[in-house]
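S.K.: Taking the working numbering, the leading residue of the sequence shown gets 83, the next gets one more, and so forth. Heads up, the beta-carbon is just placed ideally off N, CA and C, and yes, glycines get one too.
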Amino acid sequence: MSAPAATPALSAAELARVRADFPLLERTVRGGKPLVYLDSAATSQKPECVIDAEQDFYLTTNAAVHRGAHALAEEATVAFEAARTQVAALVGVDAGEIVWTKNATEGINLVAYALSNATLGRGGAPAQRFGLAPGDEIVVTELEHHANLVPWQELAARTGAVLRWLPATNDGRLDLSTLDEVVTTRTRLVALTHASNVTGAVSPVAPVVARAHDVGALVLLDACQSVPHLPVDLRALGVDFAVFSGHKMLGPTGIGALYGRRELLEAMPPFLTGGSMVEVVTMTETTYLPPPQRFEAGTQMVAEAVGLRAAAQYLADLGMAQVAEHERALTQRLLSGIAGIDGVRVLGPTDAADRLAVVSFAVDGVHPHDVGQVLDDAGIAVRVGHHCAQPIHRRLGVVASARASASVYTTQDEVDAFLEALRGVRSFFEVGVPS
């Protein structure tokens with residue numbers, strides 16, 4: 083997904099100011115080599131404003147939210163809810179439609195277990211719309227991260243529903259040629275990634291949403307890889323649920339967000355139960371608060387929410403269109419550079435259109451772990467393994483890969499350093515070198 087043509091990439095001065103906000107990027111590794119951090123799809127680095135926000139909360143405001151009547155509790159609650167408002171604004175929805183979770187995985191499990199609980203009759207009449215019956219179908223895609231696959235496998239096993247999936251193309255994009263055959267009147271929910279954490283491909287969401295809604299199915303979007311890198315308007319996309327993680331969008335670990343359309347959240351039974359999410363509790367039964375509190379049992383991750391607010395504000399101040407344009411240029415440089423290296427195959431689209439700067443690759447004759455070791459020796463951090471996405475690796479004919487992933491703080495010079503080190507991998511192992 084490209085930013086509008088009128089949107090300029092970050093200027094050199096702007097990028098320098100961004101990098102100054104990330105002190106960790108100045109450190110050296112492996113005997114004094116400058117760190118080149120290309121593992122942002124796994125977790126992003128954090129600007130000082132995020133670190134300061136968390137620290138300031140603990141130094142000045144720390145208290146449990148939605149409970150106490152004292153000044154600190156009131157201030158903490160205000161900060162907690164202000165974070166919800168800021169994050170909701172970044173993705174174009176209302177604050178009341180954002181549920182805090184520990185991470186995106188928990189958000190997906192929340193929806194899956196809410197549907198499971200509805201199937202068991204929990205939630206009363208409003209929740210009956212979510213119940214599943216044997217033979218109902220849940221649709222995923224071949225591109226999914228395990229977090230957006232395993233919970234649906236488990237839900238199918240608990241309810242008798244059938245799991246189906248949309249395939250991937252040979253270049254790692256979502257293949258919609260069978261959309262009308264796979265998403266049918268038996269489909270109850272379609273869960274898909276907005277952007278693959280392996281191939282970097284951005285999914286065409288609109289036709290999937292249109293087809294799902296035509297047959298009465300709900301749509302859940304895994305937006306972990308898109309929200310940090312693209313302008314994302316969940317309302318405009320028309321999805322019913324979406325999840326994203328704080329730590330991938332310059333925020334803290336330990337917090338994520340689940341978006342749900344208000345009418346759906348109001349009808350869904352809870353997943354986790356206990357304190358902070360109840361109205362009236364007797365020894366035999368309980369009534370629950372309205373959403374989002376209904377889905378936020380127990381003491382909440384308040385400092386992390388405050389840190390995530392700072393991250394969302396930071397991205398909004400930069401402008402997501404400008405962030406996307408900066409990363410589009412990095413994507414182009416990564417792809418064109420790798421294309422010029424013999425024996426290296428990109429697992430995903432080889433052009434920058436509708437694609438993120440998440441580039442997985444296989445080096446002929448060299449195990450990805452060995453590729454990662456050689457790059458690490460040069461100070462370059464990449465991810466190796468199956469990236470919690472074994473099916474798409476299997477579909478593309480490999481068991482694992484190495485992955486370089488950029489973010490708003492990544493420079494063209496860092497991409498060049500990565501490419502230079504990658505050029506030496508095969509010769510280091512004497513693969514493809516004439517004897």
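1) Does DSSP put residue 513 in a helix, in a strand, or in coil?
2) If we ignore side chains and look at the alpha-carbon of each, how far apart do residue 406 and residue 123 end up?
3) How many angstroms separate the CA atom of residue 220 from the CA atom of residue 322?
4) Just tell me which of 312, 359, 414 and 435 has its CA closest to the CA of residue 398.
5) Quick check on the burial criterion: 16 or more other C-beta atoms within 10 angstroms. Buried or exposed for residue 361?
6) My understanding is that residue 191 touches residue 233, with C-beta atoms under 8 Å, so please give their C-beta distance in whole angstroms.
7) Sort 327, 331 and 186 by Cα distance to residue 491 and report the nearest one.
8) Please tell me whether residue 341 and residue 319 are closer than 7 Å, where the distance is taken between their beta carbons.
9) For residue 179 and residue 137, I'd like the C-alpha separation in whole angstroms.
10) In the structure shown, what three-state DSSP assignment does residue 367 receive?
11) Hey, would you say residue 482 sits closer than 7 Å to residue 453, going by beta carbons?
12) Buried or exposed, going by whether 16 or more other CB atoms sit within 10 Å of the CB of residue 288?
13) Would you mind sorting residue 110 into buried or exposed? The rule is 16 or more other CB atoms within 10 Å of its CB.
14) Return the bridge partner residues of residue 341 from the DSSP annotation.
15) Do residue 474 and residue 302 come within 7 Å of each other at the CB atom, strictly closer than that value?
16) Apart from the five residues on each side of it in sequence, which residues of its chain come closer than 8 Å, Cβ to Cβ, to residue 428?
17) Ignore the nearest five residues each way along the sequence and tell me which others in residue 375's own chain have a CB closer than 8 Å to its CB.
18) Is it buried or exposed, residue 328, if we count other Cβ atoms within 10 angstroms and call 16 or more buried?
19) Please classify residue 93 as buried or exposed, where buried requires at least 16 neighbouring CB atoms within 10 angstroms.
20) Answer with buried or exposed for residue 471, where buried requires no fewer than 16 other C-beta atoms within 10 angstroms of its C-beta.
21) Just to confirm before moving on: does the CB-CB distance between residue 174 and residue 430 stay below 7 Å?
22) Reducing DSSP to helix, strand and coil, say where residue 221 ends up.
23) Residue 83 by DSSP, collapsed to three states: which one?
24) Alpha carbon to alpha carbon, how far is residue 119 from residue 261?
25) Are the Cβ atoms of residue 243 and residue 214 separated by less than 7 Å?
26) Flag this pair as yes or no: are the beta carbons of residue 394 and residue 168 separated by less than 7 Å?
27) Using DSSP's beta-bridge definition, name the partner residues of residue 104.
28) Check for me: the alpha helix (DSSP H) holding residue 262 runs from which residue to which?
M.R.: Checking against the coordinates, here is how it stands:
1) coil
2) 15 Å
3) 15 Å
4) 312
5) exposed
6) 5 Å
7) 331
8) no
9) 27 Å
10) coil
11) no
12) exposed
13) exposed
14) 180 and 324
15) no
16) 417, 420, 421, 441, 442 and 443
17) 148, 358 and 359
18) buried
19) exposed
20) buried
21) no
22) strand
23) Because the pLDDT of residue 83 is 48, which lies under 50, any placement of that residue in the model is unreliable, and the number read from its coordinates should be weighed accordingly. In this structure, residue 83 counts as coil in the three-state DSSP scheme.
24) 38 Å
25) yes
26) yes
27) None, per the DSSP bridge assignment.
28) 261-264
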